[in-house]
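Position 28 of the sequence shown, counted from 1, bears residue number 28 in full-length UniProt numbering, the numbering being contiguous throughout.
A virtual CB, placed ideally from N, CA and C, is assigned to each residue, including glycine.
Structure first, then comments.
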Amino acid sequence: MKSHLRTDSFSLPCGLIGTKSTAELRVNGHTVNCLLDTGSQVTTVPESYYRQHLSNYPIKSLHDLLEVEGANGQRV
């Protein structure tokens, strides 16, 4: 069985991938190091952090916050 994927090696142009964007932020009174993703529509935290520091805030259903649809327009 042949694959359409190439298996030979390749290299990325210099400067295409840089260092990750992080910042030290205060979340509900606690200083944390965060990964910044300006293209993200949601923010995630580990469940352990939520239970320890944010449990007084209700978790909203992903279906209430984000609409996802396929290329054919069908809701996912």
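Kindly give me the distance between the Cβ atoms of residue i and residue j, rounded to whole angstroms, as I take these residues to be in contact under 8 Å.
i: His63; j: Asn28; result: Rounded, the Cβ-Cβ distance is 25 Å, inconsistent with contact.
i: Gln41; j: Leu66; result: 6 Å
With a threshold of 7 Å on Cβ separation, who are the neighbours of residue i within its own chain once the five nearest residues in sequence on each side are excluded?
i: residue 81; result: Since the first residue shown for the chain is 1 and the last is 76, residue 81 is missing from the structure and cannot be characterised.
i: Val76; result: Val68, Glu69, Gly70
Return the first residue and the last residue of the beta strand (DSSP E) that residue i is part of.
i: His30; result: 30 to 35
i: Leu25; result: 22 to 27
Shortest alpha-carbon distance to residue i belongs to which of the options?
i: Lys20; options: Thr31, Leu36, Ser55, His30; result: Leu36
i: Pro46; options: Gly39, Ser55, Thr38; result: Ser55
Name the two residues that bound the continuous alpha helix (DSSP H) containing residue i.
i: His63; result: 62 to 65
Please list, in chain order, all residues of the same chain as residue i whose beta carbon is under 8 Å from its beta carbon, the five residues on each side excluded.
i: Ser11; result: none
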